[in-house]
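> One structure is given below, represented as structure tokens, and several questions about it will come after.
In full-length UniProt numbering, the protein residues as written are 1 to 132.
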């Protein structure tokens, strides 16, 4: 397949993905605007209560009698996160060359899009934590 045709296909696919994401965001905004302000305030209070319950449960779990201190519990969590992130890194470095060969020229466009998606996901979590 010629490179110009591959480029056109990749641009069309990326534009389609952006259009789909934009449409879903637009629909979500319309849905949120349609609700009354009182319902929003009630939902926010309920969300804060639920988050407080989750944090209480997590704190109780970290200070459970299985570990002597909360520091040991946090150390266990960071160790687990580190090992899981290391496995993700190994998986990406093992499969990335195969993806690059499979996709050809398209991977040049998809990698920035993947970075964009990761940033959006991290911003979502930042907003969720800020709301608490």
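By construction, the Cβ of each residue, glycine as well, lies at the ideal position given by its N, Cα and C atoms.
1. At a Cβ threshold of 8 Å, is residue 14 touching chain B?
2. Measuring only the C-alpha atoms, how far is residue 125 from residue 118?
3. Is residue 179 buried or exposed, if buried means 16 or more other CB atoms sit within 10 Å of its CB?
4. Can you give me the Cβ contacts of residue 113 inside the same chain, cut-off strictly under 8 Å, excluding the 5 residues immediately before and after it?
5. Check the C-beta distance from residue 10 over to residue 109 and give it rounded, since I have them as a contact under 8 Å.
6. Assuming residue 6 contacts residue 90 under a Cβ cut-off of 8 Å, what Cβ separation, rounded to an integer in Å, is found between them?
7. Alpha carbon to alpha carbon, how far is residue 111 from residue 96? Give it in angstroms, no decimals.
8. For residue 128, which option in 107, 47 and 80 has the closest C-alpha, if you only look at C-alpha atoms?
This is what the structure gives:
1. In the displayed structure, chain B is absent; only one protein chain is listed.
2. Between residue 125 and residue 118, the C-alpha separation is close to 11 Å.
3. Shown here, the chain extends from 1 to 132; a query on residue 179 therefore has no answer.
4. Same-chain partners within the cutoff: 14 and 17.
5. Yes, they are in contact, since the Cβ atoms of residue 10 and residue 109 sit about 5 Å apart, within 8 Å.
6. The distance from the Cβ of residue 6 to that of residue 90 is about 29 Å, inconsistent with a contact at the 8 Å cut-off.
7. Straight-line spacing of the CA atoms in residue 96 and residue 111 works out to 10 Å.
8. Residue 128 has its Cα closest to that of 47, out of 107, 47 and 80.
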